[in-house]
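**Student:** This is the structure, below, for whatever I ask next.
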Amino acid sequence: MPSTVTGVIARSKGAPVELVDVVVPDPGPGEAVVKVQACGVCHTDLHYREGGINDEFPFLLGHEAAGVVEAVGEGVTEVAPGDFVVLNWRAVCGQCRACLKGKPWYCFNTHNATQKMTLTDGTELSPALGIGAFIEKTLVAAGQCTKVDPAAPAAAAGLLGCGVMAGFGAAVNTGGVTRGDSVAVIGCGGVGNAAIAGSVLAGATTVIAVDVDDRKLEWAKGFGATHTVNSRSHDPVEAIRELTGGFGADVVVEAVGRPETYEQAFYARDLAGTVVLVGVPTPDLKVELPMIEVFGRGGALKSSWYGDCLPSRDFPMLVDLYRQGRFDLDGFVSETIGLGDVEAAFEKMHRGDVLRSVVVL
28 MPSTVTGVIA
38 RSKGAPVELV
48 DVVVPDPGPG
58 EAVVKVQACG
68 VCHTDLHYRE
78 GGINDEFPFL
88 LGHEAAGVVE
98 AVGEGVTEVA
108 PGDFVVLNWR
118 AVCGQCRACL
128 KGKPWYCFNT
138 HNATQKMTLT
148 DGTELSPALG
158 IGAFIEKTLV
168 AAGQCTKVDP
178 AAPAAAAGLL
188 GCGVMAGFGA
198 AVNTGGVTRG
208 DSVAVIGCGG
218 VGNAAIAGSV
228 LAGATTVIAV
238 DVDDRKLEWA
248 KGFGATHTVN
258 SRSHDPVEAI
268 RELTGGFGAD
278 VVVEAVGRPE
288 TYEQAFYARD
298 LAGTVVLVGV
308 PTPDLKVELP
318 MIEVFGRGGA
328 LKSSWYGDCL
338 PSRDFPMLVD
348 LYRQGRFDLD
358 GFVSETIGLG
368 DVEAAFEKMH
378 RGDVLRSVVV
388 L
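FYI, the numbering for the sequence shown is 28 to 388, going by this note's numbering.
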């Protein structure tokens with residue numbers, strides 16, 4: 028029988044979120060129902076509420092989540108009821124040209140649940156990133172469930188579902204940070220600080236954090252940044268070069284998504300260095316660079332999709348590193364809140380007061 032549970036929706040552009048009753052269908056073929064234990068409040072949820080993703084209101088918000096599988100539909104073999112899982116928003120298909128080339132982290136045909144969750148009047152909801160996890164239980168494609176060690180607390184493990192994985196993967200998977208590298212990270216929110224933590228874990232010896240907010244730079248030190256630069260008071264390109272022997276960083280991760288910060292990243296990298304764009308730009312933004320500089324500097328300009336992660340490979344690994352005390356997921360959790368506190372969490376996010384508020388159910 029379908030379940031009626033409490034969830035958080037954005038009914039219209041810019042309107043405060045609402046706590047409402049949501050009807051969750053029984054899982055169909057290839058689907059799973061997950062009892063949500065915790066879900067991080069990500070900036071992407073705020074983008075949905077403000078109409079910055081699309082206009083398919085009402086949205087069921089929340090996507091950075093962990094919980095326990097309650098039921099599965101026909102044909103599901105990868106997870107079973109009782110499994111502790113982290114939800115992901117890129118369930119790979121296994122059949123597209125990227126998957127068949129052995130690069131499933133680039134899957135061009137990722138998928139979500141076929142059925143829709145609804146309001147009690149039958150209005151269909153658009154789940155954020157195909158998940159919708161500010162809710163007591165949610166319906167997803169079974170491939171969006173990644174089984175991990177249940178010893179990890181849900182409030183920490185759930186953050187792998189989006190921001191932490193995006194930042195870690197931008198540095199390690201996309202940027203290829205390795206032993207002895209110099210790394211600069213521009214923008215030190217949750218994603219940027221995950222890139223810093225990933226760079227440290229991968230063996231980078233110089234890790235430079237750049238932001239306009241001294242509070243975020245202090246957080247960056249906690250994740251292992253060896254140097255910090257406040258770009259309100261110092262030219263970040265000059266500072267990064269000075270801290271890398273005049274050359275620039277081997278890898279620069281741009282975690283803001285603005286033309287001006289991307290240009291800083293471009294000029295702050297060493298010759299043959301790598302720029303990784305993981306900050307999400309709005310559709311209207313454009314960047315202009317002299318082609319001779321693009322040619323003459325060599326190296327690579329990359330964008331990072333979800334940290335180019337493969338959830339089945341990366342989530343369990345990062346949970347294991349967390350349990351070994353080598354990757355500080357707890358450090359990203361600024362506060363734990365209830366479902367009714369999401370709107371207040373958005374305000375704290377606006378002010379830069381938190382790395383992550385986490386809804387605990």
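Beta carbons are placed, not taken as given, at the ideal position from N, Cα and C, and that holds for glycine. These numbers were taken from a predicted model, which means no experiment stands behind them.
Is residue 231 helix, strand or coil by DSSP?
**Tutor:** Indexing the sequence shown from 1 puts residue 231 at position 204. Correct three-state label for residue 231: coil.
**Student:** Keeping to the same chain, check which residues put their C-beta closer than 7 angstroms to that of residue 102; ignore five residues upstream and five downstream.
**Tutor:** What you label residue 102 is simply residue 75 of the sequence shown in a count that begins at 1. So the qualifying residues of the chain are 56 and 57.
**Student:** Look at the alpha carbon of residue 381 and the alpha carbon of residue 370, and state the distance between them as a whole number of angstroms.
**Tutor:** Here residue 381 refers to the residue found at position 354 when the sequence shown is read from its first residue. Here residue 370 refers to the residue found at position 343 when the sequence shown is read from its first residue. Using only the alpha carbons, I get a separation of about 14 angstroms.
**Student:** Just to confirm, are residue 347 and residue 250 a CB contact at a threshold of 8 angstroms?
**Tutor:** Working through the sequence shown from its first residue, we reach residue 347 at position 320. Working through the sequence shown from its first residue, we reach residue 250 at position 223. Not closer than 8 angstroms, so no.
**Student:** Helix, strand or coil: which one does DSSP assign to residue 39?
**Tutor:** Your numbering for residue 39 matches position 12 in the sequence shown. The answer is coil: DSSP assigns residue 39 none of H, G, I, E or B.
**Student:** For residue 200, collect the residues of the same chain with a Cβ closer than 6 angstroms to its Cβ; drop the 5 residues on either side in sequence, then sort them by chain order.
**Tutor:** Working through the sequence shown from its first residue, we reach residue 200 at position 173. 334 and 335, listed in sequence order.
**Student:** Curious, which full-length alpha helix (DSSP H) runs of at least 4 residues does the stretch 99-132 contain?
**Tutor:** Correct list: 124-127.
**Student:** Give every residue of the same chain whose Cβ lies closer than 6 angstroms to the Cβ of residue 299, excluding the five residues on either side of it in the sequence, and list them in chain order.
**Tutor:** Along the sequence shown, one-based indexing puts residue 299 at 272. Cβ neighbours of residue 299 beyond the five flanking positions: 325 and 326.
**Student:** Quick check on residue 377: does DSSP put it in helix, strand or coil?
**Tutor:** For the purposes of this step, residue 377 is taken as the residue at position 350 of the sequence shown. Here residue 377 sits in helix by DSSP.
**Student:** Nearest CA to the CA of residue 368: which residue from 203, 282, 45 and 31?
**Tutor:** One-based indexing of the sequence shown puts residue 368 at position 341. Closest by alpha carbon: 45.
**Student:** Please report the straight-line C-alpha distance between residue 145 and residue 152, rounded to a whole angstrom.
**Tutor:** Position 118 of the sequence shown, counted from the start, is the residue given in the question as residue 145. Position 125 of the sequence shown, counted from the start, is the residue given in the question as residue 152. Going from the Cα of residue 145 to the Cα of residue 152 covers about 5 angstroms.
**Student:** Would you mind giving the Cβ-Cβ distance between residue 31 and residue 141, rounded to the nearest angstrom? I have them listed as a contact below 8 angstroms.
**Tutor:** Along the sequence shown, one-based indexing puts residue 31 at 4. Along the sequence shown, one-based indexing puts residue 141 at 114. Incorrect: roughly 20 angstroms between the Cβ atoms, too far for contact.
**Student:** Short of 6 angstroms in beta carbon distance, which residues of its chain neighbour residue 243, apart from the five on each side in sequence? Order them along the chain.
**Tutor:** Mapped onto the sequence shown, residue 243 falls at position 216. Result list for residue 243: 215, in chain order.
**Student:** Excluding sequence positions up to five away, which residues of its chain have a Cβ less than 6 angstroms from the Cβ of residue 62?
**Tutor:** As a working mapping, residue 62 is identified with position 35 in the sequence shown. Hits under 6 angstroms: 94, 95, 97 and 164.
**Student:** Alpha carbon to alpha carbon, how far is residue 387 from residue 178? Give it in angstroms, no decimals.
**Tutor:** Sequence index remark: in the sequence shown, residue 178 carries index 151 (1-based). Sequence index remark: in the sequence shown, residue 387 carries index 360 (1-based). Their backbone Cα atoms lie some 16 angstroms apart in a straight line.
**Student:** Mapping the DSSP letters down to three states, classify residue 243 as helix, strand or coil.
**Tutor:** Taking the sequence shown and counting its residues from 1, one reaches residue 243 at position 216. Helix at residue 243.
**Student:** Relative to the alpha-carbon of residue 112, which residue among 183, 82, 358 and 40 has its alpha-carbon at the smallest distance?
**Tutor:** Locating residue 112 in the sequence shown gives position 85, counting from the first residue. Nearest C-alpha to residue 112: 183.
**Student:** Considering only the alpha carbon of each residue, which of 194, 264 and 123 lies closest to residue 247?
**Tutor:** The residue given as residue 247 occupies position 220 in the sequence shown. The shortest Cα separation from residue 247 among 194, 264 and 123 belongs to 194.
**Student:** Exposed or buried, which one is residue 107 when buried takes at least 16 other CB atoms within 10 Å?
**Tutor:** Here residue 107 is taken as the residue at index 80 of the sequence shown, counted from 1. So residue 107 counts as exposed.
**Student:** Taking just the CA atoms, how far does residue 167 sit from residue 53?
**Tutor:** For the purposes of this step, residue 53 is identified with residue 26 of the sequence shown, where counting begins at 1. For the purposes of this step, residue 167 is identified with residue 140 of the sequence shown, where counting begins at 1. In a straight line, the C-alpha of residue 53 is about 11 angstroms away from that of residue 167.
**Student:** Kindly give me the distance between the Cβ atoms of residue 132 and residue 337, rounded to whole angstroms, as I take these residues to be in contact under 8 angstroms.
**Tutor:** Within the sequence shown, the letter at position 105 stands for residue 132. Within the sequence shown, the letter at position 310 stands for residue 337. That belief holds up - the Cβ atoms of residue 132 and residue 337 are roughly 5 angstroms apart, short of 8 angstroms.
**Student:** Identify every residue that forms a DSSP beta bridge with residue 86.
**Tutor:** Counting from one through the sequence shown, the residue named residue 86 turns up at place 59. 37 and 153, per the DSSP bridge assignment.
**Student:** Considering only C-alpha positions, which residue in the set 204, 323, 339 and 291 is nearest to residue 258?
**Tutor:** Here residue 258 refers to the residue found at position 231 when the sequence shown is read from its first residue. Of the listed residues, the one whose Cα sits closest to residue 258 is 291.
**Student:** In chain order, what residues of the same chain have a beta carbon less than 7 angstroms from the beta carbon of residue 69, not counting five sequence neighbours either side?
**Tutor:** As a first step, residue 69 is located in the sequence shown; it is residue number 42 there, counting from the start. So the list reads 90, 91, 189 and 190, once near-sequence residues are dropped.
**Student:** Output the distance between the C-alpha atoms of residue 305 and residue 85, rounded to the nearest integer angstrom.
**Tutor:** Residue numbering aside, residue 305 sits at position 278 when the sequence shown is read from its first letter. Residue numbering aside, residue 85 sits at position 58 when the sequence shown is read from its first letter. The straight-line gap from Cα to Cα measures roughly 27 angstroms.
**Student:** Where does residue 259 sit, in a helix, a strand or coil, going by DSSP?
**Tutor:** Taking the first residue of the sequence shown as position 1, residue 259 is located at position 232. Looking at residue 259 - three-state DSSP - the assignment turns out to be coil, as it is neither helix nor strand.
**Student:** Between residue 51 and residue 323, what straight-line distance do the alpha-carbon atoms span, to the nearest angstrom?
**Tutor:** As a first step, residue 51 is located in the sequence shown; it is residue number 24 there, counting from the start. As a first step, residue 323 is located in the sequence shown; it is residue number 296 there, counting from the start. Rounded to the nearest angstrom, the two C-alpha atoms are 55 angstroms apart.
**Student:** Could you check how far apart the C-beta atoms of residue 266 and residue 256 are, in whole angstroms? I think they sit under 8 angstroms.
**Tutor:** Start at 1 with the first residue of the sequence shown, and residue 266 comes out as number 239. Start at 1 with the first residue of the sequence shown, and residue 256 comes out as number 229. Their Cβ separation, rounded to whole angstroms, is 4 angstroms, which keeps residue 266 and residue 256 in contact under 8 angstroms.
**Student:** Does DSSP put residue 163 in a helix, a strand or coil?
**Tutor:** To locate residue 163, count along the sequence shown from 1; it is residue 136. Three-state DSSP puts residue 163 in coil, outside helix and strand.
**Student:** For residue 391 versus residue 162, is the C-beta spacing smaller than 8 angstroms?
**Tutor:** Outside the displayed range of the chain (28 to 388) lies residue 391, so it cannot be described from this structure.
**Student:** Helix or strand or just coil, what does DSSP make of residue 346?
**Tutor:** On the sequence shown, position 319 is the one that residue 346 refers to. Residue 346: helix per DSSP, three-state reduction.
**Student:** Just curious, the beta strand (DSSP E) that residue 59 is in, first and last residue?
**Tutor:** Translated into positions along the sequence shown, residue 59 becomes position 32. Note, residue 59: beta strand (DSSP E), 58-67.
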